[in-house]
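Quick note, the sequence shown lines up with residues -7 to 205 if you use the working numbering. Don't be surprised by glycine CBs; every beta carbon is placed ideally from N, CA and C. Here's the structure we're looking at; comments come further down.
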Amino acid sequence: MIALIKTILNQDLIFILLTISFFLIAILKSFYWKHAKLLFMGVFAQRYANQYLREENAFTERVNFITFLLMSINISLIILKLIPQNSTSSIFSLLTGVMLFFIIKIGLILLLGSIFKLKDIANLGIFFSFLFDRALGFCLFPLAILLYFFVFNITPFVILIVAIVFIVLLLLKLFWLWKIGVNSFGIPHFYIFLYLCALEISPLLLLGKEVVY
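So this is what it looks like as structure tokens:
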């Protein structure tokens, strides 16, 4: 009986998180779609990302904040399916941990930019790194709904789709960060490799270890 109550409470909490996620998407669609569309199209063509950066203003800052919340919630929901949690506090801890990870990542990039006196490059690095994470968070919303509320158990199939989307966006991210770093700013290959290993790949390996073990 206690297990049943916990399951119902967790499903209610997950429903609330998905509702918040849907509400954030509705806000983007209703009020900031012009800028949000540029942001998401920037995943596939740099000219759209550059246009988004040129139009930086209060609207783009709101889009950045909304998409940050969106990616944090939806990525947390996928992780929650891979690493199930049994209590409300655990779910909130996971969500908080995901947000803190992204915030710490931003802080580390800014710190490196300050140490090496490359603040402008650091800001661009943050933008292009989170560009793909934001797009991933947006794409994960319908998949999260299927994971938790589809009438049949299609978890393995949906997880496979999540993995494919994730790998495609990750490869695009690594490609664009490498290309921009080398061609636009002349950053040595070795430093770009260290950055990618430390802040882009290592966290994924740690997550994979938690899922497997």
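Residues Ala127 of the same chain have their beta carbon placed closer than 6 Å to that of phenylalanine 32, with the five preceding and five following residues left out of the count. Isoleucine 156 is classed as exposed because its beta carbon has fewer than 16 other beta carbons within 10 Å across all chains shown.
The C-beta distance from valine 35 to phenylalanine 124 rounds to 6 Å, short enough to meet the 8 Å contact threshold. Within the stretch 25 to 53, the complete alpha helix (DSSP H) runs of at least 4 residues fall at 25 to 33 and 38 to 46. Within the stretch 83 to 145, the complete alpha helix (DSSP H) segments of 4 residues or longer fall at 111 to 141, listed in chain order. Using a Cβ-Cβ distance cut-off of 8 Å, the stretch 131 to 150 and the stretch 61 to 77 are in contact, since at least three pairs of beta carbons, one from each stretch, lie closer than that value. The closest CA to that of leucine 163, considering only Gly99, Phe120, Leu72 and Leu10, is found on Phe120. Residues of the same chain with a CB within less than 7 Å of the CB of leucine 138, apart from the 5 flanking positions on each side, are Ile146 and Val150 in chain order. Boundaries of the alpha helix (DSSP H) harbouring isoleucine 153: 147 to 171, taken from the DSSP string. For the pair isoleucine 113 and isoleucine 159, the CB atoms are not nearer than the 9 Å cut-off. Annotated three-state conformation of proline 180 is coil, per DSSP.
Leucine 86 and leucine 72 have their alpha carbons spaced roughly 8 Å apart. When secondary structure is reduced to three states using DSSP, serine 79 falls in the coil class, being assigned neither helix nor strand. Within its own chain, the residues whose Cβ lies closer than 6 Å to the Cβ of glycine 117, once the five positions on either side in sequence are excluded, are Ile101, listed in chain order. For leucine 9, the uninterrupted alpha helix (DSSP H) segment begins and ends at -6 to 23. Exposed is the label assigned to tryptophan 25, since fewer than 16 other Cβ atoms lie within 10 Å of its Cβ. Spatial neighbours of alanine 28 in its own chain (CB-CB distance under 6 Å, excluding positions within 5 residues in sequence) are listed in chain order as Leu20 and Val55.
Here leucine 30 has Tyr40, Gln43 and Tyr44 as same chain residues with Cβ atoms under 7 Å from its own Cβ, once five neighbours each way along the sequence are excluded. Comparing alpha carbon positions, the residue from Leu16, Val90 and Ser13 closest to leucine 196 is Val90.
By the neighbour-count definition (other C-beta atoms within 10 Å, threshold 16), phenylalanine 60 is a buried residue. Taking each of Thr88, Asn115 and Ser22 in turn and checking the Cα distance to glutamate 48, the smallest one comes out for Asn115.
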